[in-house]
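A.B. asks:
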Amino acid sequence: MVNFERFNKITWYPGHMLKAQRQLKEKLKLIDLAVEVVDARAPELSRNDQLMDIFQHKATITLVTKTDLISKDLLKSWQDYYKKENRHVFFINSSQKKAVTPFLSFLEYSFKEERKRRGATTPMIRPPRVAIVGVPNVGKSTLINLLVAGKRTQTGPRPGVTRSQQWVKLKNGMELLDTPGVMVPSINNPEKGLQLTLLGMIKDKIAGEEALAEYIHYMWVHNSDDPLMKRYELKEFPKNYLELLEAIAKRYKLFKGGAEPDLRQAATSLIQDLRQGKLGKIGLQSPEMLVDEEH
Ligand SMILES: Nc1nc2c(ncn2[C@@H]2O[C@H](COP(=O)(O)OP(=O)(O)OP(=O)(O)O)[C@@H](O)[C@H]2O)c(=O)[nH]1
Ligand SMILES: [Mg+2]
1386 MVNFERFNKI TWYPGHMLKA QRQLKEKLKL IDLAVEVVDA RAPELSRNDQ LMDIFQHKAT
1446 ITLVTKTDLI SKDLLKSWQD YYKKENRHVF FINSSQKKAV TPFLSFLEYS FKEERKRRGA
1506 TTPMIRPPRV AIVGVPNVGK STLINLLVAG KRTQTGPRPG VTRSQQWVKL KNGMELLDTP
1566 GVMVPSINNP EKGLQLTLLG MIKDKIAGEE ALAEYIHYMW VHNSDDPLMK RYELKEFPKN
1626 YLELLEAIAK RYKLFKGGAE PDLRQAATSL IQDLRQGKLG KIGLQSPEML VDEEH
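Dropping the structure here:
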């Protein structure tokens, strides 16, 4: 069992995030609609309420990305959950180019609804402007490239790829603002910090690869289904994360100098396998867990 208290509180709020948040406030008057992008593996955990406070008087829609990384059942539970909550939530898997057409229609529809709500009667004389916001690495820039059908923004499997705002114009006239991902300034719960790091939203070195490996081992102890055993050809479940890392080092032939297993390399491989979906479809949060947290 992991004692989370012994893990340090995780904080990753470099200067560029503070600047990004300030620049969003400065641009607020120009923006008609905000799209809050979150990760399907933990849609509520990957929200930044403080960032979204900036848009409290604007129309906002939530886009859940990376639906390919969770099971169909979990996806269905989240869809049902948001329907009941009456929230504007759209789900997408960025590797399916077709998925973008209904989202674009949804954006246009949301924009028209917002104008109606505000009582606007005259035609719009300037293009609608949409800010794409959220925590790092959720797929904001990837979404923009999909919508524009070209490589206009920089993307990558690391947090903090986008460092400055960038406007991108779509064929339908809409202007999208790509923005740097912004993390909450401080995460009080160490377990949540580890989860956000596993989702690639915080740099690994802050928690440390071994701590992340320990958390992955803990997750599997609590999971009956076991792709981990198959992937690493394990005969029995490792008693602790060090045993797991040793087994991975042997499986991948990761040795330091002579015969000593390279546990750090093994931890890096484990984290990579998890993120690339090689250990199965992994959701870190479900609607049921939210209910439990409330009680
Ligand atoms: N599996 C999967 N990967 C995705 C999806 N959308 C984006 N990605 C990947 O997620 C990683 C991060 O994507 P980005 O678009 O750079 O994320 P971002 O939100 O702009 O990140 P920052 O600029 O760091 O804030 C990239 O490796 C993308 O290929 C998706 O729907 N499914
Ligand atoms: Mg980006």
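First residue of the sequence shown? That's 1386 in the working numbering, and the numbers climb one at a time after it. The C-beta atom is built at its ideal place from N, Cα and C for all residues, glycine as well.
(1) I'd like the ranges of any alpha helix (DSSP H) spanning at least 4 consecutive residues and lying wholly in the segment 1478 to 1517.
(2) As a quick exercise: from 1660, 1672, 1677 and 1675, pick the residue whose alpha carbon is nearest that of residue 1451.
(3) If we call anything under 7 Å between Cβ atoms a contact, is residue 1531 one with residue 1613?
(4) Counting Cβ pairs, one atom from each stretch, are 3 or more of them under 8 Å apart for the segment 1616 to 1625 and the segment 1569 to 1587?
(5) Helix, strand or coil for residue 1440 per DSSP?
(6) For my contact list, residue 1526 and residue 1465 are in at a C-beta cut-off of 8 Å; report their separation, rounded to the angstrom.
(7) Please classify residue 1486: is it buried, with 16 or more other beta-carbons within 10 angstroms of its beta-carbon, or exposed?
(8) Which residues mark the beginning and the end of the beta strand (DSSP E) in which residue 1562 is found?
(9) Residue 1422 and residue 1448 look like a contact to me (Cβ under 8 Å); what is the Cβ gap, rounded to whole Å?
(10) Alpha carbon to alpha carbon, how far is residue 1662 from residue 1454?
(11) Do the segment 1631 to 1648 and the segment 1428 to 1437 touch if we need at least three Cβ pairs shorter than 8 Å?
(12) For residue 1611, count the other beta carbons within 10 Å of its own beta carbon; 16 or more makes it buried, fewer makes it exposed. Which is it?
(13) For the beta strand (DSSP E) containing residue 1551, list its first residue and its last residue.
(14) Rounding to the nearest angstrom, what Cα-Cα distance links residue 1461 and residue 1554 in this structure?
(15) Taking 7 Å as the limit between beta carbons, can you name the residues of its chain near residue 1576, skipping five residues before and five after?
(16) Beta-carbon within less than 6 Å of residue 1626's beta-carbon, same chain only, minus the 5 sequence neighbours each way: which residues are those?
(17) Between which two residues does the alpha helix (DSSP H) containing residue 1659 stretch?
(18) Using the beta-carbon count (16 or more within 10 Å), is residue 1426 buried or exposed?
(19) Tell me the DSSP secondary structure of residue 1667 in three-state form.
(20) Which residue's Cα is closest to the Cα of residue 1393: 1584, 1535, 1573 and 1675?
(21) When you compare each of 1596, 1672, 1668 and 1678 to residue 1653 by their alpha carbons, which one comes out closest?
(22) Could you spell out the range, first to last residue, of the alpha helix (DSSP H) harbouring residue 1429?
(23) Does the distance from the CB of residue 1470 to the CB of residue 1514 come in under 7 Å?
(24) Quick one: is residue 1617 buried, meaning 16 or more other Cβ sit within 10 Å of its Cβ, or exposed?
(25) Indicate whether the contact test is met: 3 or more Cβ pairs, each with one atom in the segment 1493 to 1504 and one in the segment 1544 to 1551, closer than 8 Å.
(26) Going by the C-beta, is residue 1394 closer than 6 Å to any heavy atom of ligand 1?
(27) According to DSSP, simplified to helix, strand and coil, what is residue 1445?
(28) Is the closest heavy atom of ligand 2 to the C-beta of residue 1547 under 6 Å?
C.D. replies: Checking against the coordinates, here is how it stands:
(1) The qualifying runs are 1485 to 1502.
(2) 1660
(3) Against a cut-off of 7 Å, the Cβ pair of residue 1613 and residue 1531 comes out as no contact.
(4) Short answer: they don't touch.
(5) In the three-state scheme derived from DSSP, where H, G and I count as helix and E and B as strand, residue 1440 is classed as helix.
(6) Residue 1526 to residue 1465, Cβ: 30 Å. No contact.
(7) Under this definition residue 1486 is an exposed residue.
(8) 1560 to 1563
(9) 5 Å
(10) 6 Å
(11) The segment 1631 to 1648 vs the segment 1428 to 1437: no contact.
(12) With fewer than 16 other Cβ atoms inside 10 Å of its own Cβ, residue 1611 counts as exposed.
(13) For residue 1551, the enclosing beta strand (DSSP E) begins and ends at 1551 to 1554.
(14) In a straight line, the C-alpha of residue 1461 is about 33 Å away from that of residue 1554.
(15) 1389
(16) 1598, 1599 and 1602
(17) 1648 to 1660
(18) buried
(19) In the structure shown, residue 1667 sits in coil (DSSP, three-state: anything other than H, G, I, E or B).
(20) When only C-alpha atoms are compared, the closest one is 1573.
(21) 1596
(22) Neither: residue 1429 is in no alpha helix (DSSP H) and is coded neither H nor E.
(23) no
(24) buried
(25) no
(26) no
(27) strand
(28) True, at least one ligand heavy atom lies under 6 Å from that Cβ.
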